[in-house]
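Heads up, the thing below is written out as structure tokens.
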Amino acid sequence: MKTRHALVIGASSGIGRSIAQRLKREGFFVSGISRRMPPPDTVDAAQCCDVLDAERMADALPQLAHAHGVPGVVVYTAGYPVMGCTLSIPEKEARQAFETHFWGLDRVVKAMLPIMKSHGGGTILAVLSIASVCPPPFEAYYAASKAAASAYLRSLSREMRRENVRLKWIAPGYVDTGFLERGNWFGMPIPQVRGSGVTPEQIAAAVVRMIHGGPEFKILGWKERLLAMGERLSPSLSKLWFSLKR
Ligand SMILES: NC(=O)c1ccc[n+]([C@@H]2O[C@H](COP(=O)([O-])OP(=O)(O)OC[C@H]3O[C@@H](n4cnc5c(N)ncnc54)[C@H](OP(=O)(O)O)[C@@H]3O)[C@@H](O)[C@H]2O)c1
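Here you go:
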């Protein structure tokens, strides 16, 4: 039997917080994992934990499943904004992007997928980025780590096609959460970033629709969909777009 327990990794702010609040409104019992405690109106239960800390994660994930039932929904939104001139980005920073976007996700999948499979199944959904589809300049490691997560989920989803666990991901463009402004921009000033117009609440609504069915993968925002289409037709088209933009 699928439980009404939803686990959100990265529920303490921004998109993850909106997703947790929306899932709560949908009647889920929501638990959260993040380094900071999520605000009280966001989740029903939480563990403060860094996704990079393998030992703590190995304790926290089964603890939440034991206390509140095996989740039928897991949403992974933890993100690390490392940006700027690629040659100026220290290796440690670049690795942290991969640790957060790729290895953290893998850690959660490995801990949750087997128990979800044996408890009625469910959905694991990751919030990736349009950068995973169409990598912008000055986001080489961010885009590469998100693209790695996308390839991982696509492959795993094909591997799991006969199983009862669905792997899904969404790719938003810039969202006004302060994520990019808080980022480390190496070798350049923080650029003026304009949001795509898509709000965290719209992303949360899309996530809920995808949990109940719908596509495996969704790009959010009309400009982002055009960009992805251009990239598919010819990467030179998106290169032209970026050269006009910056
Ligand atoms: N905002 C955008 O323009 C945009 C666009 C496309 C995709 N995204 C993606 O959307 C996701 C959410 O971003 P956001 O805009 O909502 O930014 P945000 O407000 O900074 O949210 C990031 C969340 O991830 C958690 N987190 C980060 N590192 C973590 C770690 N090591 N361990 C545990 N939790 C961690 C943070 O919690 P703690 O700090 O408490 O740990 C926070 O809850 C990210 O994956 C980002 O790449 C954002």
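The sequence shown stops at residue 250 when you use our numbering, and every number in between is there. Cβ coordinates follow ideal geometry from the N, Cα and C atoms, glycine included. Fair warning: this is a prediction, and the values are worked out from it, not measured in the lab.
Got a sec? Which residues, its chain only, sit under 8 Å from Glu-235 by beta carbon, not counting five neighbours each side? Val-137, Cys-138, Leu-241, Ser-242
6 Å CB neighbourhood of Leu-160 in its chain, flanking five on each side removed: Leu-171
Buried or exposed: where does Lys-114 fall if 16 or more other Cβ atoms within 10 Å of its Cβ makes it buried? exposed
Can you name the residues that DSSP bridges to Gln-51? Ile-37
May I ask you to check if the CB of Pro-141 is nearer than 7 Å to at least one heavy atom of ligand 1? no
Through-space distance from His-70 to Arg-198, alpha-carbon basis: 42 Å
Going by the C-beta, is Pro-195 closer than 7 Å to any heavy atom of ligand 1? no
Count the other CB atoms within 10 Å of the CB of Leu-255; is the residue buried (16 or more) or exposed (fewer)? Any answer about residue 255 is impossible in this case: the structure gives the chain only from 5 up to 250.
Per DSSP, the bridge partner or partners of His-9: Phe-33
In the DSSP output, what is Arg-170 paired with across the bridge? Thr-127
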